Each structure stands twice: as structure tokens, then as C-alpha cells.
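Q:
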Amino acid sequence: MRRLTRRTGLSLGLAAAAGAALGRIADARTTTLRVVWMGWPDEQVVPLMDSFRKARPDIELAVEQIPFVQIFQTLEVRLGARTADPDIFICDSPLTASYAVRGHLLDLTPHIDAARFTKAAIDAASWQGKIYSAPFGSSMPVLFYNKALFREAGITPPEPDVTKRWTWEQLVEVAKKLTDPDKNRWGFSFEQQERPYMLLPLGQSLGGVALSPDGLKATGYVDGPAFVEAYSFMQKLYTEWKVSPPGLFDPNLPVEQFGNGRIAMLVAGTFNEATIRNKYPQIEFGVAPYPTFAAGKPVTPTGAWHIGVNPRTRHKDEALAFIDHFMSEELQILWFKLRPYPPVLRSVWEKEAATFATDMWRIVRYELDHTAVPRPATPGFREYEDILRVALRDITTGADVKATLTAAAQKIDRELQKYR
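Dropping the structure here:
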């Protein structure tokens, strides 16, 4: 055993101090990116972040996962403070223009090769000719239905064929037969009962236009005859026909009730297929295209989550490295396997061709090419959506449809004035 003398003690102390200093230097060289992310299950988030950590061990990630019902308000507060926190944030694609106008998004045009992405993805990422958000996923709802409940009722289910798409009128008649109050069973529900994303296509199917071409006027558009007719129909699902469960404004709840056999038909995003299979294996379900009105044309919603860089970040190079990694084909394939949103990279559709040879993905590919309409582009989408959400919620509970939409349109117009 080595004897500790004053000299050796001093030497050891100096060595320890030098080691600590080197450690501090190493720590100083490690950048931490603060990331605000959607509150998806850990198994759908952790592998993504670990992939980046493996590729860039010199960059630490501090990830906050915020639930869907809180993410928009959380970002408004955090970005509104105009600090460098967060460095990276998940961005709902229709908010790209709003965030860009208010100086919350770094211009990514030099860093995104638009040719690699679907046109819809780049359109949703762009404002005034520049790319401000990095496309991370697209979306497309389909009609899920419970095969056992259809068999029990002796009803022929809808087909997974876009040329045989059900009308909303057909769906309601079947939903009436599948609704059973004694069993707490409902015939139909939207996954998102109040959100314009899933409900704007109702009015658009009848020829309605959700907002003026310049994105700055709602009056005469979202309160026009097509939307009044469409949302009067929607209201009856809850108040007259009583085939839809009221008040399920958390989008997880309708999916849960479908999985538990309490809802027979559900319009919901494609990513719910994996959730239903894994969490509710007892449910035998099929898929069919998003319905349309008999007097209208097929219109389906699209758009999803993108990634934004805070222009006030102190770690621009590292933040762009994050974007580059998350836009890579490897990461995009991993993301699709974790949470199957329709891919935004053209190459993923080809590389995973076998995966897409199913009823659901054949429907989705057709819809993305032929019926998909993104939410209206406007710098005031946050205000537009918030006001319209309240109106749609009120309509589901029985409010006068025309008066409610007119009042909402007027409120939206007042909010959009500041962008003129």
C-alpha cells in the first residue's frame, strides 16, 4: 500500500483538480437542446430521441412531453416569452404560418430538400415561399368499424373501396341500428369531436370554403350555407338521432370506447390502427374510406406534426443537426413503425411498399393524391381554430348553428385584422 505523504497528497490533489477541470471542459463542450414534444407514449418517443443521441453523443436532449390537450397553450406561453427556450418544438403544420409571422420559426429553406417530400408536406411547411417547419408526418382519417357488431345486427359493412365510399346519410341510418342505449353502445363517433381538422371536410364536401383565399376573412365562408348545412347534420348526431356520444372532447376517449366495444364506427387517424390492435386485441375491426355527403364530393383532411427551430436558440448548428437527423430516411422509417402516420418522404412509400399493401394504406394513398384538403393557410390559424373549436363544441350541444357560426366568423375576422 502506498503511503500518503504531504507531497503525494498534494500531487493527488492537483491531479484530482486537473481531472475535475477537464471534466468541466468536457461538460462545457456538451450542448443541451431543450425539446418540447407531443405527449405520445414513451415507446413512440424514446426510440426517436435515442436514435439522435446515438448519432450525436456530443448533444444532450432535455425532452418535455406535453399532452395533446395542453401542447398548443404551452407553446403559446413558452414561445411568447421570446427566449431561447425551447430550442426545438413540435409544430402542428397549420400553425406554421402563424408561428412564422410572429417570429417563432427559423427559416429552414436552405436546410430542407423539398424534392424529397410529398407536395402536401412542403405546402404545409411553407409560408410566402419559404420553408419554416420540417415535415415530420402527414395524416389521414379512415372509418374504423367493429365487425362483430355489424354481424350481430345483420348489417353489411362498408367496403375498403374508394369507389364504394359510404355517404354520411348511409352511415347515419346504420348508426341508428347499431346504437343501443341499454348496452351503453353508440353507433358512431368522430375521434376529434370539436376540432376543425376532422370536421371542416363536412362543409367542404358540400362546396364550402373554410376561409378567404388570402387567409384573412371568415365571414361569408365558414358561416356560409354549406357549413350551416353540414354542421346542422353533425349536430343531429348528438341531439336528434343520438347515435354519437356527447362530450368526448379528449380524442383518446372515443378510441378507448371503440376499443371497448362501446362505439361501432369511428372516424379516426391511421395511427389508431396500431393502438387498437395492440391495446384492444379482442376487437375485430375493418376500415373504409372517410364518408361524403350524397350531394357533395369526397373531401378528406390532412396535415400533421412538423418540427420547428426557435430562431432565438443559442445552439443553431446543433438544432439543425437535430432537424437533419429527423428528416433522414432511417429516422422517418423508424417513426412510421412506431406511430404509423402517412410518410412525408417519398422514398419511404417505396421502401416500405409491402407494408402499404393493405386496405387501409391503399385508401390513404388514394386520398392523399385525390381528396385531401389541408386546413386553411393563414397567419391567424391559432385564433381561427380556437374560436371555431368553441363554436363546434357548442353546436354539438344544441346551439343554433347559423347564429353560432356567424358569431364565430365575426370573432375570427376581428382577430385576423392584426395580420392585415
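Quick note on our numbering: the sequence shown kicks off at 977 and runs consecutively.
For every residue, glycine included, the Cβ atom is placed at its ideal position computed from N, Cα and C.
These figures come from a predicted structure and were not determined experimentally.
(1) With respect to the beta strand (DSSP E) encompassing I1283, which residues constitute its N-terminal and C-terminal limits?
(2) Give me the residue from E1260, I1035, I1363 with the minimum Cα distance to K1123.
(3) For Q1180, does the count of other Cβ atoms within 10 angstroms reach 16, so buried, or fall short, so exposed?
(4) Quick check: S1074 and A1101, are their CB atoms within less than 8 Å of each other?
(5) If you measure between the beta carbons of A1270 and E1145, is that distance less than 8 Å?
(6) For chain C, check one thing: does any of its Cβ atoms lie closer than 8 Å to the Cβ of P1023?
(7) Report the start-end ranges of each alpha helix (DSSP H) in the region 1138-1223 that is 4 residues or longer and not cut off at the edges.
(8) Could you say which of E1305, E1052, S1208, A1031 lies nearest to L1081 if we only look at CA atoms?
(9) Assuming A1038 and H1301 make a contact with CB atoms under 8 Å, what is their CB distance in whole Å?
(10) Closest to G1284 by CA distance: which of L1055, K1159, V1185, S1188 is it?
(11) Going by the beta-carbon positions, is the gap between E1167 and P1230 smaller than 8 Å?
(12) Between the alpha carbons of K1152 and S1323, how many angstroms are there, rounded?
(13) What is the DSSP secondary structure of M1025, counted as helix, strand or coil?
(14) What residues are listed by DSSP as bridge partners for G1262?
(15) With distances taken between CB atoms, is the gap from D1389 to K1193 smaller than 8 Å?
(16) Look at G953 and A1202 and say whether their C-beta atoms are less than 8 Å apart.
(17) Please classify N1236 as buried or exposed, where buried requires at least 16 neighbouring CB atoms within 10 angstroms.
(18) With a cut-off of 8 Å on the beta carbons, I'd call V1219 and T1155 a contact; round off their distance for me.
(19) Counting along the chain, where does the beta strand (DSSP E) carrying P1277 start and finish?
A: So, from the listed chains and residues:
(1) Element bounds for I1283: 1281-1285.
(2) The residue with the shortest Cα to Cα distance from K1123 is E1260.
(3) The residue in question, Q1180, is buried, as its Cβ has 16 or more Cβ neighbours within 10 Å.
(4) Not a contact, by the Cβ cut-off of 8 Å.
(5) Between A1270 and E1145, the gap from beta carbon to beta carbon is short of 8 Å.
(6) Chain labels in this structure do not include chain C; a single protein chain is all it has.
(7) Taking only runs of at least 4 residues, the alpha helix (DSSP H) segments lying wholly in the region 1138-1223 are 1144-1154, 1172-1181, 1201-1215.
(8) Of the residues E1305, E1052, S1208, A1031, the one whose Cα lies closest to the Cα of L1081 is E1052.
(9) With 8 Å as the limit, A1038 and H1301 do not qualify as a contact, their Cβ atoms being about 17 Å apart.
(10) Closest option to G1284, Cα to Cα, is L1055.
(11) With respect to the 8 Å criterion, E1167 and P1230 are classified as neighbours on the basis of their beta carbons.
(12) The alpha-carbon atoms of K1152 and S1323 are separated by roughly 43 Å.
(13) Three-state result, M1025: helix.
(14) Per DSSP, the beta-bridge partners of G1262 are Y1121.
(15) Yes, these two residues count as a Cβ contact at 8 Å.
(16) Residue 953 is absent from the structure shown; the chain starts at 977 and stops at 1396.
(17) That one is exposed.
(18) Right, their Cβ atoms sit about 5 Å apart.
(19) Residue range 1276-1278 is occupied by the beta strand (DSSP E) that includes P1277.
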